[in-house]
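Okay, so the sequence shown: first residue is 0 according to numbering that gives the first Met the number 0, each after it adds one. Backbone N, C-alpha and C fix where the C-beta goes; we use that ideal spot for every residue, glycine too. See structure below.
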Amino acid sequence: MSENKIKSGNLEDFKINIKIKLSAMWASVMFCYIYGDYFSLYVPNKVEEFIDGEAMLDTPFKLFAATLLMTVPALMIFLSVVLKPKINRGLNIVFGILYTAIMLLIAVTSIAPWWTFYVFLAVVESFITALIVWNAYKWPRINR
Numbered sequence: 000m001s002e003n004k005i006k007s008g009n010l011e012d013f014k015i016n017i018k019i020k021l022s023a024m025w026a027s028v029m030f031c032y033i034y035g036d037y038f039s040l041y042v043p044n045k046v047e048e049f050i051d052g053e054a055m056l057d058t059p060f061k062l063f064a065a066t067l068l069m070t071v072p073a074l075m076i077f078l079s080v081v082l083k084p085k086i087n088r089g090l091n092i093v094f095g096i097l098y099t100a101i102m103l104l105i106a107v108t109s110i111a112p113w114w115t116f117y118v119f120l121a122v123v124e125s126f127i128t129a130l131i132v133w134n135a136y137k138w139p140r141i142n143r
């Protein structure tokens, strides 16, 4: 049996490269971010707040800050595949910890009946980013 194949019951499986795993986890967390923001449009009065200019991102600075915040995970999808292991591991650990903390804070501060979906997604996102940290920390070593 090839060293890349893993026995999984009677089904053949392949060992997935750590870079691909990390990239897939960042992609998953980005989908959760996007869905959370999209579903928030269905919360009563949310669209009216946008129209009235009462949204949370109501200044150019806040909008740019939010853009920067969301650019990092989006870039990590790509960077997790192309960066050298040492830098890759470090960035995944640092940004994974940062985004886990941010999403846990959002989960705690968003508890309200109409925002249950948002809290749920924040918990899922926190779990995924914690898995990113764990997988990056346990990055496979070269056997010598």
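Where residue i falls: helix, strand or coil (DSSP)
i, result
"S109", "coil"
"T99", "helix"
"I180", "Past the edges of the chain, shown from 0 to 143, lies residue 180, and the structure says nothing about it."
"P139", "coil"
"L130", "helix"
"K150", "Coverage of the chain is limited to positions 0 through 143, which leaves residue 150 absent and any answer about it impossible."
Supposed close pair residue i, residue j - CB separation, criterion 8 angstroms
i, j, result
"W91", "I131", "Sequence inspection shows Asn at residue 91; the Trp mentioned does not correspond to that position. Sure, about 6 angstroms apart at Cβ, within 8 angstroms."
"P43", "W113", "7 angstroms"
"I105", "S22", "In fact, because the Cβ distance is near 23 angstroms, the residues do not count as touching under 8 angstroms."
"S27", "I127", "6 angstroms"
"S109", "A121", "7 angstroms"
Proximity of residue i and residue j at Cβ, strictly below 8 angstroms
i, j, result
"P72", "M29", "yes"
"V118", "K18", "no"
"A65", "G95", "no"
"W138", "R88", "yes"
*asked:* Give the list of continuous alpha helix (DSSP H) stretches no shorter than 4 residues that lie fully inside the region 20 to 59.
replied: Correct list: 45 to 51.
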